[in-house]
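Q: Below you'll find the structure I mean.
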Amino acid sequence: MLIHDYAAARHLAARLEMGVNHELCKQRIGQTVEQVFQSLCPPANYSLSSTPLIADWEDMQVYYKSGRAKKVELNKLARQEGIVLGTWWLAQIHKTTFPLWERMTLFWHNHFTSSLNKILWPQWMFRQHQLVRQHALGNFAELLKGITRDPAMLAYLDGSKNIATSPNENFARELLELFTLGTGHYTEQDIINVARAFSGWNLNAFEGEFLFKPDLHDNNQKQFLGRTGNFDGFDIISILLEEERTAEHIAEKFWKEFINHEAADPAVIKDWGKAFYDSGYEIKALLLKIVTSAVFWDNNQRGSLIKSPVEFTLGLLRELQIPFDEYNALNRANRQLGQILFNPPDVKGWRGGQDWITNTRLIRRYDLIPKLLAEHGKEVQSLVSELLTKTTAVLPLNPLSRLGGLFQDVLPQLSCTNDPSTLINWLLPLSPVAAPNCNQTADKILITVLKDPTYQLR
């Protein structure tokens, strides 16, 4: 499938990357979607060159062994380390040459949720992050197997409290509802028996490692999804991966990440799910199926997703190529916008969609734009001035009929007699709600474009 024009190149970048690189979009015209997709994936042995400077494992053990006496200090340290982890990841996203890898790592972070606020152990959260990053574009089956034995997940969903004589169903319920099958595709009895199968899956808190305790495991017969046997956790995972519904559930999650936030087309999900299942749960195979599908390229789907705070802030910095290293401040800003890395709100993660743009959060986004541009205003103005001299007759698609009147009272109505088309085509997925006044200076034109409601979309 060829990328025929700039609008198509921009759409692909907006969905797969963190921000739209104007020059790369121009270069990709005439390339195939498959070529661009492969260029966005890191090589097999690629790894990050930096790690977050969080507290040593030995230092944290002092707090753990001290029990309640050090609980206040442990909570304080965990909050501080959460900031370190969050700012480190923001820096990785900002500087990356493989933004699809970062996007998918963030996606799985929101699928297999854990929160430092509950776990309190930054090393466990970072280890989970490394696991998710390792498989973000790899194999879902391997990621699922790894996450069921992950110390952070066992602590977050109380798996370590699940014993034969007193089953804890938290992990079992979320494994079925959120991680694999989805609501409505299992029974309450299935949850009970999955909890029994995972009983004894524990962790060595002093070493931060998965630990199976046979004496706490239920060795009796169990029924699950119509099957009967003396199942353990490994058996449950194998059964779940044999179910095509698991592949379809992940396809539904990808629909909301790459198409729109509305209910997915059942026929499309069946098709994507089968391709994912037949590939042996290869994530790249599902992604490639999606980005070469008719629904992905349907004009009605352009600008149909709302940017998360991380996408909004780092996308802006990456698009305008702004030198930036104030990641602590950016972490605080994203907190105000509703997204704290390593601390999703609950087990269901960030809801996304309209939740990102409540009236308060939208105003905060608008207030943040000039602050992000302020330090490097001259460089940005020079770039924009150049683009304003390069016009094209092709404008994005029609404005936001599907978002209703949410923005109508927020943005002042502007008028313009000579529309800066190149700038608009680059930064906006749809025609602006309010056209910029081209008699203004370049920086003011840019601010107007960035504050247009359509800039919140991808």
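Taking my numbering, the leading residue of the sequence shown gets 19, the next gets one more, and so forth.
We put the CB at the ideal spot given by N, CA and C, even for glycine.
Between T50 and I442, what straight-line distance do the alpha-carbon atoms span, to the nearest angstrom?
A: The residue given as residue 50 occupies position 32 in the sequence shown. The residue given as residue 442 occupies position 424 in the sequence shown. Answer to the nearest angstrom: the Cα atoms are 24 Å apart.
Q: Would you list the one or two residues that DSSP bridges to G247?
A: As a first step, residue 247 must be located in the sequence shown, where it is residue number 229. The partner list for G247 (beta bridge, DSSP) reads K240.
Q: So, is V80 buried or exposed, given that buried needs 16 or more other C-beta atoms within 10 angstroms?
A: As a working note, residue 80 is residue 62 in the sequence shown. Answer is exposed; the Cβ neighbour count stays below 16.
Q: Rank I21, R145 and W106 by C-alpha distance to the C-alpha of L348 and give the top, closest one.
A: For the purposes of this step, residue 348 is taken as the residue at position 330 of the sequence shown. Minimum Cα distance to L348 is reached at W106.
Q: Would you call the segment 209 to 226 and the segment 174 to 192 touching, i.e. three or more CB-CB distances under 8 Å?
A: yes
Q: With three or more beta-carbon pairs closer than 8 Å as the criterion, would you say the segment 121 to 137 touches the segment 66 to 73?
A: At 8 Å Cβ cutoff, the stretches do not touch.
Q: Starting from the C-beta of K163, find all residues in its chain whose C-beta is less than 7 Å away, skip the five residues before and the five after it, and write them out in chain order.
A: As a working mapping, residue 163 is identified with position 145 in the sequence shown. For K163, where only same-chain residues beyond five positions count, the Cβ hits under 7 Å are I255.
Q: CB-CB under 8 Å to Q45, same chain, minus the five flanking residues each way: which ones, in chain order?
A: Residue mapping note: residue 45 aligns to position 27 of the sequence shown, counting from 1. Same-chain partners within the cutoff: there are none.
Q: Leaving aside the five residues before and after A170 along the sequence, list all residues of the same chain whose C-beta is less than 8 Å from its C-beta, in chain order.
A: Numbered from 1 along the sequence shown, position 152 holds the residue referred to as residue 170. Non-local C-beta neighbours of A170 in its own chain, meaning closer than 8 Å and more than five positions away in sequence, comprise S132, I137, W139, W142, M143, R145 and Q146, ordered along the chain.
Q: Check this for me: beta carbons of F130 and I301, under 8 Å apart or not?
A: The sequence position of residue 130 within the sequence shown is 112, counting from 1. The sequence position of residue 301 within the sequence shown is 283, counting from 1. Result no, Cβ atoms of F130 and I301 do not sit closer than 8 Å.
Q: Mind checking which residues open and close the alpha helix (DSSP H) that includes E280?
A: Here residue 280 refers to the residue found at position 262 when the sequence shown is read from its first residue. It is not in any alpha helix (DSSP H) - E280 carries neither H nor E in the DSSP assignment.
Q: In terms of residues, what are the limits of the beta strand (DSSP E) holding W484?
A: Summary: the structure shown does not reach residue 484, with the chain confined to residues 19 through 476, and so no result is reported for it.
Q: For F116, name the three-state secondary structure that DSSP assigns.
A: Working through the sequence shown from its first residue, we reach residue 116 at position 98. DSSP places F116 in coil when its eight states are reduced to three.
Q: Residues bridged to F228 by DSSP?
A: As a working note, residue 228 is residue 210 in the sequence shown. Beta-bridge annotation (DSSP): F228 is paired with L221.
Q: Could you have a look at N39 and say whether DSSP puts it in helix, strand or coil?
A: As a working mapping, residue 39 is identified with position 21 in the sequence shown. Coil at N39, not helix or strand.
Q: Can you tell me whether Y473 is buried or exposed, with buried defined as 16 or more other CB within 10 angstroms of its CB?
A: Walking along the sequence shown from the start, residue 473 turns up at place 455. The residue is buried, with at least 16 neighbouring Cβ atoms inside 10 Å.
Q: Tell me, to the nearest whole angstrom, how far the beta carbon of F330 is from that of G104; I am working on the premise that it is less than 8 Å.
A: By one-based count along the sequence shown, residue 330 stands at place 312. By one-based count along the sequence shown, residue 104 stands at place 86. Contact doesn't hold; Cβ gap of about 16 Å is too wide.
Q: Taking C-beta to C-beta, are L355 and R379 nearer than 8 Å?
A: Sequence index remark: in the sequence shown, residue 355 carries index 337 (1-based). Sequence index remark: in the sequence shown, residue 379 carries index 361 (1-based). Yes, they are a contact pair.
Q: Which stretch, first to last residue, makes up the alpha helix (DSSP H) that contains A25?
A: As a first step, residue 25 must be located in the sequence shown, where it is residue number 7. Where A25 is concerned, the enclosing alpha helix (DSSP H) stretches over Y24 to L34.
Q: Please report the distance separating the alpha-carbon of G37 from that of A31.
A: On the sequence shown, position 19 is the one that residue 37 refers to. On the sequence shown, position 13 is the one that residue 31 refers to. If you take the alpha carbons of G37 and A31, they lie about 7 Å apart.
Q: Assign T114 to buried or exposed, taking buried as 16 or more other Cβ atoms, counted over all protein chains shown, within 10 Å of its Cβ.
A: Against the sequence shown, residue 114 aligns to sequence position 96. Buried: at least 16 other Cβ atoms inside 10 Å.
Q: If you run the structure through DSSP and keep just helix, strand and coil, what is L20?
A: The count along the sequence shown starts at 1 and reaches residue 20 at position 2. Under the three-state reduction of DSSP, L20 is assigned to strand.
Q: So, at 6 Å on beta carbons, what are the nonlocal neighbours of L305 in its own chain, with the 5 sequence-adjacent residues on each side left out?
A: Against the sequence shown, residue 305 aligns to sequence position 287. Correct list: empty, nothing qualifies.
Q: Comparing alpha-carbon positions, which option in N455, C456 and S439 lies nearest L448?
A: Position 430 of the sequence shown, counted from the start, is the residue given in the question as residue 448. Closest by alpha carbon: S439.
Q: Who are the near neighbours of N211 in its chain, counting only those whose CB is closer than 7 Å to its CB and skipping five residues on each side?
A: As a working note, residue 211 is residue 193 in the sequence shown. Taken in chain order, the residues that qualify are K240, Q241 and F242.
Q: Does G247 have its Cβ less than 8 Å from a Cβ in chain C?
A: Although the question refers to chain C, the structure presented lacks it and comprises just one protein chain.
Q: Thinking just about the alpha-carbon of each residue, which of E35, A26, D23 and M19 is nearest to the one in G333?
A: Sequence index remark: in the sequence shown, residue 333 carries index 315 (1-based). Here the closest residue by C-alpha is E35.
Q: Classify R284: buried if its beta carbon has 16 or more other beta carbons within 10 angstroms, exposed otherwise.
A: Translated into positions along the sequence shown, residue 284 becomes position 266. As written in the sequence, residue 284 is Pro, which differs from the Arg given in the question. That one is exposed.
Q: What residues are listed by DSSP as bridge partners for N361?
A: For the purposes of this step, residue 361 is taken as residue 343 along the sequence shown, with counting starting at 1. Answer is none; N361 lacks a bridge partner.
Q: Tell me the rounded alpha-carbon separation between T459 and I381.
A: Reading the sequence shown from its first residue, position 441 is the one you call residue 459. Reading the sequence shown from its first residue, position 363 is the one you call residue 381. So the two alpha carbons sit approximately 23 Å from each other.
Q: So H153 is in the alpha helix (DSSP H); what residue range does that whole segment cover?
A: As a first step, residue 153 must be located in the sequence shown, where it is residue number 135. Taken as a continuous stretch (DSSP letters only), the alpha helix (DSSP H) holding H153 covers P140 to H153.
Q: How close, in whole Å, do the beta carbons of A310 and M19 come, if the pair is a contact with beta carbons under 8 Å?
A: Within the sequence shown, the letter at position 292 stands for residue 310. Within the sequence shown, the letter at position 1 stands for residue 19. A small correction: the amino acid at residue 310 is Thr; Ala does not occupy that position in the sequence shown. Correct: roughly 5 Å between the Cβ atoms.
Q: Can you grab the Cα-Cα spacing for the pair C456 / I463, in whole Å?
A: Translated into positions along the sequence shown, residue 456 becomes position 438. Translated into positions along the sequence shown, residue 463 becomes position 445. Computed Cα separation, rounded: 7 Å.
Q: Please list the terminal residues of the continuous alpha helix (DSSP H) segment that includes I47.
A: For the purposes of this step, residue 47 is taken as the residue at position 29 of the sequence shown. Note, I47: premise wrong, no alpha helix (DSSP H); not H, not E.
Q: Who are the near neighbours of A27 in its chain, counting only those whose CB is closer than 7 Å to its CB and skipping five residues on each side?
A: Walking along the sequence shown from the start, residue 27 turns up at place 9. I21, C43, R46 and I47, listed in sequence order.
Q: Suppose the cutoff is 6 Å on Cβ atoms and the five residues either side in sequence are ignored; what does the same chain contact list for L161 look like?
A: Residue 161 sits at position 143 when you count from the first residue of the sequence shown. Cβ within range, chain order: H153.
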